[in-house]
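In order, the protein sequence lines correspond to chains S and U. Just so you know, our numbering puts 5 at position 5 of the first sequence, and the rest follows in order with no gaps. Just so you know, our numbering puts 1008 at position 8 of the second sequence, and the rest follows in order with no gaps.
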Amino acid sequence: MSAGTLDRRVAVKSLLQNRGKTLVITGLGSSTYDTFAAGDHDANFYLWGAMGGAALMGLGLALAQPDRPVLVITGDGEQLMGLGGLVTIAVQKPKNLTIAVLDNGHFGETGMQMSHSGLGADLVAIAKSCGIVQTHDVRDEAGLATLRDAIQDLSTGPRFAAIRIANAEHERALAPRDGIHVRNRMRQHLGLPIM
Amino acid sequence: MGETVSAPAVDWPAAIFSELKAAGVSQISYVPDAGHARLIRMAHDDPAMKTIVLTTEEEGIAIAAGAWLGGDKSAVLLQSSGVGNCINMLSLANSCRFPLLMLVTMRGEWAEFNPWQVPMGQATPTVLEAMGLTVFRLEKPEDTAEMIANAAALAFSGEQQVAVLIAQRMIGRKKWVSK
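Take a look at the structure:
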């Protein structure tokens, strides 16, 4: 279902333009590199592990911060490991949560093996059938612009987007991997105490 | 020893709920378990509690991390069989020192009828400790409030990952057939 043409770095940079108060969680691997490459930010939390957990971490954050947009940027492989999480999110209905999956149909970090998405599974259809009503199948710049605006809408989520990217690889952009540092700076950004 | 006089039954699920509230917990996620059924009902009945049904237990570990990142405190309710599902996700709590409070009802020990519950039940404390958690074992209903309060303090103030294992003896025998 993927067979996209969008460049992943361009797509992520586009999504994060004028991000305002958006809090971002990134899935391990290329999604973390793409988000860091678009510009480091105190409101970014980069995962370097916990495969399958990005969207769920977004759920916990979205429930805790209902007045801010929460954007999860992850890959098809990472989301496939936590598919059940889409049902968990759908029934909670967090209006401020967007799950954006960079879908190239492959496991990019591990040698570009084909993923289930590349072998025919349609992540947008899966999200819909889980009960996530707002979905975006993003294939071009116009679709990215529509999604970028939708992320800021705190009344219509949760939403799920598959961004159909090409499977070209980029140089890794190494986001900080000290989880305590990244965690503390987001809490400080939110005005929350740290130890 | 003389005859023991049994103490009045302590409503331990209510004690857990009350201590979680007192500790400021506002998100409870769970995979259902008969031992946690009353606590889950209390959570759903409280409009101030964000109560989250999971498809698998490791989701709760990730939710708790996100919750704390955003200023909420979250507890995860599960059965010992679900501990195995959490192992790699516990790296998230461990690597980033996210507070974590897991309340685990034990299977595979006291009068267990189903042998399939035994391996994971027996391995539960070992597995949790191997992933860096502090493990408490709750054996007596009357200890519930004190143990939950102190486990919550260690988790949320000490920023530790803590599991309270609730002995199967406290939950009682499961009735498998009606007679």
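Glycine included, C-beta positions come from ideal geometry on N, C-alpha and C.
- It is roughly 34 Å from the alpha-carbon of U/D1072 to the alpha-carbon of S/N104.
- Burial state of U/K1050 is buried, judged by a 10 Å Cβ sphere holding 16 or more other Cβ atoms.
- At least 8 Å separates the CB of S/A175 from every CB of chain U.
- S/D34 has its alpha-carbon roughly 39 Å from the corresponding atom of U/A1043.
- The C-beta separation of S/L86 from S/I132 comes to about 6 Å, placing the pair in contact by the 8 Å criterion.
- Separation of S/N18 and S/G84 (C-alpha to C-alpha, rounded to the nearest whole angstrom) is 31 Å.
- Identification of residues in the region 1090-1101 of chain U having a C-beta nearer than 8 Å to some C-beta of chain S yields S1091, L1092, S1095, C1096, R1097, F1098, given in sequence order.
- In the three-state reduction of the DSSP assignment, S/G118 falls in the coil class.
- Contact check for U/M1106 against U/Q1168 passes: the beta carbons are separated by less than 8 Å.
- Contact between the region 118-126 of chain S and the region 90-97 of chain S is absent: fewer than three C-beta pairs spanning the two stretches fall below 8 Å.
- Within chain S, the residues whose beta carbon sits less than 9 Å from that of U/D1072 are G60, L61, L63, A64, Q65, listed in sequence order.
- When CB distances to chain U are screened at a threshold of 9 Å, the residues of the region 34-62 of chain S falling below it are F45, L47, W48, G49, A50, M51, G52, G53, A54, A55, L56, M57, G58, L59, G60, L61, A62, in chain order.
- Relative to U/W1012, the option among U/P1141, U/V1127, U/K1021, U/V1177 whose CA is nearest is U/P1141.
- Taking a contact to require three or more Cβ pairs closer than 8 Å, the region 1061-1068 of chain U and the region 54-71 of chain S qualify as touching.
- The bridge partners DSSP lists for U/N1094 come to none.
- Rounded to whole angstroms, the separation of the alpha carbons of U/V1118 and U/E1109 is 7 Å.
- Given a length threshold of 3 residues, each whole run of the beta strand (DSSP E) inside the region 117-189 of chain S is given here in chain order: 134-138, 159-164.
- Rounded to the nearest angstrom, the gap between the Cα atoms of S/T88 and S/Q134 is 15 Å.
- In this chain, the alpha helix (DSSP H) harbouring U/V1083 covers 1080-1083.
- Looking at the DSSP output, S/T74 sits in a beta bridge with S/V101.
- When the beta-carbon positions are compared, S/I99 and S/M57 stay at least 8 Å from each other.
- For the region 1161-1179 of chain U, the set of residues with a beta-carbon nearer than 9 Å to any beta-carbon of chain S is empty.
- Within chain U, the residues I1052 have their CB atoms less than 7 Å from the CB of S/Q92, given in chain order.
- Separation of S/L6 and S/L174 (C-alpha to C-alpha, rounded to the nearest whole angstrom) is 22 Å.
- Only those residues of the region 76-91 of chain S whose C-beta falls short of 8 Å from the nearest C-beta of chain U are listed: G82, G84, G85, V87, T88, V91.
- Sequence-distant partners of S/A90 (beyond 5 residues in either direction) whose C-beta falls short of 6 Å from its own C-beta, in its chain, are C130, G131, I132.
- Under the 8 Å Cβ criterion, the region 1011-1026 of chain U does not count as touching the region 1080-1098 of chain U, having fewer than three qualifying pairs.
- Residues of chain U whose Cβ lies closer than 8 Å to the Cβ of S/G131 do not exist, since the nearest Cβ in that chain is about 13 Å away.
- DSSP places S/K13 within a helical segment (H, G or I) once states are collapsed to three.
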